[in-house]
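Peer 1: According to the numbering used here, the stretch in the sequence shown is residues 356 to 737, in order. Positions of the beta carbon are idealized from the N, C-alpha and C atoms, including for glycine.
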Amino acid sequence: MTSDLTIARLEDDPHPHLARLRDKEPVAFVPALGGWLVTSRDLALAVMRDSAAFTVDDPRFSTAQVVGPSMLSLDGRVHTRHRDPFARPFRPARTRERFTAFVEGEVGRLVGGLAPAGEAELRGDLAGPLAVAVVTEALGLYGVDAATVRSWYGAFVEAVSAITAGGAAPAEAGAAYRLLRAAVQEAIGASRPGSLLAEAAREDLTTAEVVANAAILMFGGIDTTEGMIANAAMHLLGHPDQLRLVLADRDLLPAAIEESLRLEPSASVVDRYATRDTGLGGARVRAGDLVRVSIAGANRDPSVFPDPDRFDVRRGNAAEHLAFAHGPHFCFGAHLARMETGTALTALLDRLPGLRLDPSRPARAHGLVFRKPPRLHVRWDA
Numbered sequence: 356m357t358s359d360l361t362i363a364r365l366e367d368d369p370h371p372h373l374a375r376l377r378d379k380e381p382v383a384f385v386p387a388l389g390g391w392l393v394t395s396r397d398l399a400l401a402v403m404r405d406s407a408a409f410t411v412d413d414p415r416f417s418t419a420q421v422v423g424p425s426m427l428s429l430d431g432r433v434h435t436r437h438r439d440p441f442a443r444p445f446r447p448a449r450t451r452e453r454f455t456a457f458v459e460g461e462v463g464r465l466v467g468g469l470a471p472a473g474e475a476e477l478r479g480d481l482a483g484p485l486a487v488a489v490v491t492e493a494l495g496l497y498g499v500d501a502a503t504v505r506s507w508y509g510a511f512v513e514a515v516s517a518i519t520a521g522g523a524a525p526a527e528a529g530a531a532y533r534l535l536r537a538a539v540q541e542a543i544g545a546s547r548p549g550s551l552l553a554e555a556a557r558e559d560l561t562t563a564e565v566v567a568n569a570a571i572l573m574f575g576g577i578d579t580t581e582g583m584i585a586n587a588a589m590h591l592l593g594h595p596d597q598l599r600l601v602l603a604d605r606d607l608l609p610a611a612i613e614e615s616l617r618l619e620p621s622a623s624v625v626d627r628y629a630t631r632d633t634g635l636g637g638a639r640v641r642a643g644d645l646v647r648v649s650i651a652g653a654n655r656d657p658s659v660f661p662d663p664d665r666f667d668v669r670r671g672n673a674a675e676h677l678a679f680a681h682g683p684h685f686c687f688g689a690h691l692a693r694m695e696t697g698t699a700l701t702a703l704l705d706r707l708p709g710l711r712l713d714p715s716r717p718a719r720a721h722g723l724v725f726r727k728p729p730r731l732h733v734r735w736d737a
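(1) Check whether the segment 563-578 and the segment 598-607 are in contact - that is, three or more C-beta pairs closer than 8 Å.
(2) Cutting at 7 Å between CB atoms, please list the residues of its own chain near residue 525, excluding the five before and the five after it.
(3) Leaving out the 5 sequence neighbours to the left and right, which residues in its chain are closer than 7 Å to residue 685 when beta-carbon positions are compared?
(4) Which residue or residues does DSSP assign as beta-bridge partners of residue 383?
(5) Which partner residues of residue 649 appear in the DSSP bridge assignment?
(6) Within 10 angstroms of its Cβ, does residue 502 collect 16 or more other Cβ (buried), or is it exposed?
(7) Give every residue of the same chain whose Cβ lies closer than 7 Å to the Cβ of residue 729, excluding the five residues on either side of it in the sequence, and list them in chain order.
(8) Can you tell me where the beta strand (DSSP E) holding residue 734 begins and where it ends?
(9) In terms of alpha-carbon separation, which member of 384, 430, 587 lies closest to residue 403?
(10) What first and last residue would you give for the alpha helix (DSSP H) that runs through residue 581?
(11) Taking the beta strand (DSSP E) that residue 639 belongs to, which residues open and close that run?
(12) With a floor of 4 residues, list each alpha helix (DSSP H) that falls wholly inside the segment 533-560, ordered by position along the chain.
(13) From residue 670 to residue 700, what distance separates their C-alpha atoms?
(14) Work out the CA separation of residue 496 and residue 539 for me, nearest whole Å.
(15) Can you tell me where the alpha helix (DSSP H) with residue 635 in it begins and where it stops?
(16) My guess is that residue 655 and residue 407 are in contact by the Cβ rule of under 8 Å, so how many angstroms apart are they, rounded?
(17) Quick test of the definition: if touching needs 3 or more C-beta pairs under 8 Å, does the segment 610-625 touch the segment 584-593?
(18) Which residues does DSSP pair with residue 721 in a beta bridge?
(19) Indicate whether residue 564 and residue 434 have their beta-carbon atoms separated by less than 9 Å.
(20) Near residue 723, which residues of its chain fall below 7 Å by C-beta distance, leaving aside the five closest residues on each side in sequence?
(21) On the DSSP bridge list, what partners appear for residue 711?
(22) Could you tell me whether the segment 652-666 touches the segment 381-396, where touching means 3 or more Cβ pairs closer than 8 Å?
(23) Rounding to the nearest angstrom, what Cα-Cα distance links residue 668 and residue 637 in this structure?
(24) Going straight from the alpha carbon of residue 413 to that of residue 608, what length do you get?
(25) If you draw a straight line from the alpha carbon of residue 478 to that of residue 584, how long is it in whole angstroms?
(26) Near residue 692, what residues of its chain come up, given a Cβ to Cβ distance below 6 Å and the 5 sequence neighbours on each side ignored?
(27) Using the three-state DSSP reduction, which class does residue 410 fall into: helix, strand or coil?
(28) Which full runs of the beta strand (DSSP E) of 3+ residues lie inside the segment 479-511, going along the chain?
(29) Using the C-alpha atoms, what's the distance from residue 570 back to residue 511?
(30) Which same chain residues end up closer than 6 Å to residue 499 when comparing Cβ atoms and leaving out the 5 residues on each side of it in sequence?
(31) Quick one: is residue 464 buried, meaning 16 or more other Cβ sit within 10 Å of its Cβ, or exposed?
(32) For residue 629 and residue 566, what's the separation of their Cα atoms in angstroms?
(33) Looking at the secondary structure, which residues open and close the alpha helix (DSSP H) in which residue 452 lies?
(34) Taking buried to mean at least 16 other C-beta atoms within 10 Å of its own C-beta, is residue 698 buried or exposed?
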């Protein structure tokens, strides 16, 4: 069953393959991945909760190879030391206080600029620029233009995807890291009021550690948020019956966003490494083995989500998805990502009458690690 499961099939449409594995072999060794793939929700939770048995702290961890040790590739007290200086400013109340006006302003500017045209490519024209602007503001990388920031995180994402698929990181990732380091050093030195980077540097983090964690925030804050916005728009516009429900009752929009996160999480897998021999779902996992948790598989577990392949904005338990991971590595930017997505979709529905997918240029999600439509073309009644 697993010998014919290729990287190309997982990139294109993993869901039928994940469903077969979840039904027959929820912890399966997949040769193409060089490790175990966990596809059921209960076992995914067990792995992500138990950092003593399943750790990220391994030299093979993809992001550590690209940017060095960070909150994403460390466990225990050292993980807390890296994470806390960055996580505190993203608690719900502080997130609302700091970012609500900024996000609304950016969304208003971007959607207002699109409105007269009658058509757009939403990933490139809205989702990406919004996510870049918010992360640039959050990090305090003033003076660095959005195109530059986007080129950095694009190089990092390409490198992580290449390593996850069994390849090597391209040289562009090293160049992007050096440029990011220079910008972080400038931000630390300037120590502007509210600078997240300067604050982190004052809390026993070295410059290299601040740079690594800034790169991690680009993964979470840019690529996955861009994917979250694009996927939510794609799902809502691709299901006219569900769109009508949301248009008739805007209180359903947050539920629609959670259902989109469940159906197609923009970060579809997370990696762990077994620290000891252990049994997991009937499999004998050996110390050092790669254990890859399929968030995409867990989110369509029919024992938790009946009729799991259906997009249903009235699904009562959609928020039980694992799109933001779980355990010590739960994404602390979840509140901000939800704010960006909700604000963007509200503006699109309010300001672009008759918004619909462009039938001549169909869209579907693609990607092994980061899943989103390569392009999302839409039209409306200008």
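Peer 2: Taking the coordinates as given:
(1) no
(2) Stepping through the sequence shown from its first residue, residue 525 is reached at position 170. Excluding sequence neighbours, residue 525 sits near 513, 514, 517.
(3) What you label residue 685 is simply residue 330 of the sequence shown in a count that begins at 1. Once the five neighbours on either side are set aside, the close Cβ partners of residue 685 are 679.
(4) On the sequence shown, position 28 is the one that residue 383 refers to. For residue 383, which the question treats as bridged, DSSP gives the partners 392.
(5) Taking the sequence shown and counting its residues from 1, the one referred to as residue 649 is at position 294. Answer is 624, bridged to residue 649.
(6) As a first step, residue 502 is located in the sequence shown; it is residue number 147 there, counting from the start. Answer is exposed; the Cβ neighbour count stays below 16.
(7) The residue labelled residue 729 in the question sits at position 374 within the sequence shown. Once the five neighbours on either side are set aside, the close Cβ partners of residue 729 are 721.
(8) Position 379 of the sequence shown, counted from the first residue, corresponds to residue 734. Segment 732-734, the beta strand (DSSP E) holding residue 734.
(9) Position 48 of the sequence shown, counted from the first residue, corresponds to residue 403. If we check each option's Cα against that of residue 403, 430 comes out closest.
(10) Stepping through the sequence shown from its first residue, residue 581 is reached at position 226. Unbroken alpha helix (DSSP H) run through residue 581: 579-593.
(11) Working through the sequence shown from its first residue, we reach residue 639 at position 284. Start and end: 638-640.
(12) 551-556
(13) Stepping through the sequence shown from its first residue, residue 670 is reached at position 315. Stepping through the sequence shown from its first residue, residue 700 is reached at position 345. Cα to Cα, the separation comes out at about 19 Å.
(14) Against the sequence shown, residue 539 aligns to sequence position 184. Against the sequence shown, residue 496 aligns to sequence position 141. If you take the alpha carbons of residue 539 and residue 496, they lie about 7 Å apart.
(15) In the sequence shown, the residue the question calls residue 635 occupies position 280. Per DSSP, residue 635 belongs to no alpha helix (DSSP H); it is in the beta strand (DSSP E), 633-635.
(16) As a working mapping, residue 655 is identified with position 300 in the sequence shown. As a working mapping, residue 407 is identified with position 52 in the sequence shown. Not confirmed; about 28 Å, so no contact.
(17) yes
(18) Numbered from 1 along the sequence shown, position 366 holds the residue referred to as residue 721. DSSP output for residue 721 lists 727 as bridge partner(s).
(19) Within the sequence shown, residue 564 is the residue found at index 209, counting from 1. Within the sequence shown, residue 434 is the residue found at index 79, counting from 1. Not in contact: residue 564 and residue 434 (Cβ atoms no closer than 9 Å).
(20) Along the sequence shown, read from residue 1 onward, the residue named residue 723 stands at position 368. Cβ within range, chain order: 362, 365, 366, 516, 519, 520.
(21) Working through the sequence shown from its first residue, we reach residue 711 at position 356. Answer is 734, bridged to residue 711.
(22) yes
(23) Within the sequence shown, residue 668 is the residue found at index 313, counting from 1. Within the sequence shown, residue 637 is the residue found at index 282, counting from 1. For residue 668 and residue 637, the distance between alpha carbons rounds to 35 Å.
(24) Stepping through the sequence shown from its first residue, residue 413 is reached at position 58. Stepping through the sequence shown from its first residue, residue 608 is reached at position 253. Distance between the alpha carbons of residue 413 and residue 608 is about 40 Å.
(25) Your numbering for residue 478 matches position 123 in the sequence shown. Your numbering for residue 584 matches position 229 in the sequence shown. Looking at the two C-alpha atoms, the distance is approximately 8 Å.
(26) The residue given as residue 692 occupies position 337 in the sequence shown. Counting only Cβ-Cβ distances below 6 Å, and skipping sequence neighbours, we find 580, 583.
(27) Taking the sequence shown and counting its residues from 1, the one referred to as residue 410 is at position 55. Strand.
(28) none
(29) Along the sequence shown, one-based indexing puts residue 511 at 156. Along the sequence shown, one-based indexing puts residue 570 at 215. Going from the Cα of residue 511 to the Cα of residue 570 covers about 8 Å.
(30) Looking up residue 499 in the sequence shown gives position 144. Once the five neighbours on either side are set aside, the close Cβ partners of residue 499 are 538.
(31) Here residue 464 corresponds to residue number 109 of the sequence shown, with the count starting at 1. It is exposed - the Cβ of residue 464 has fewer than 16 other Cβ atoms within 10 Å.
(32) Residue numbering aside, residue 629 sits at position 274 when the sequence shown is read from its first letter. Residue numbering aside, residue 566 sits at position 211 when the sequence shown is read from its first letter. C-alpha separation (whole angstroms): 28 Å.
(33) Mapped onto the sequence shown, residue 452 falls at position 97. Counting along the chain, the alpha helix (DSSP H) containing residue 452 begins and ends at 447-469.
(34) Residue numbering aside, residue 698 sits at position 343 when the sequence shown is read from its first letter. Its Cβ being crowded by 16 or more others within 10 Å, residue 698 is buried.
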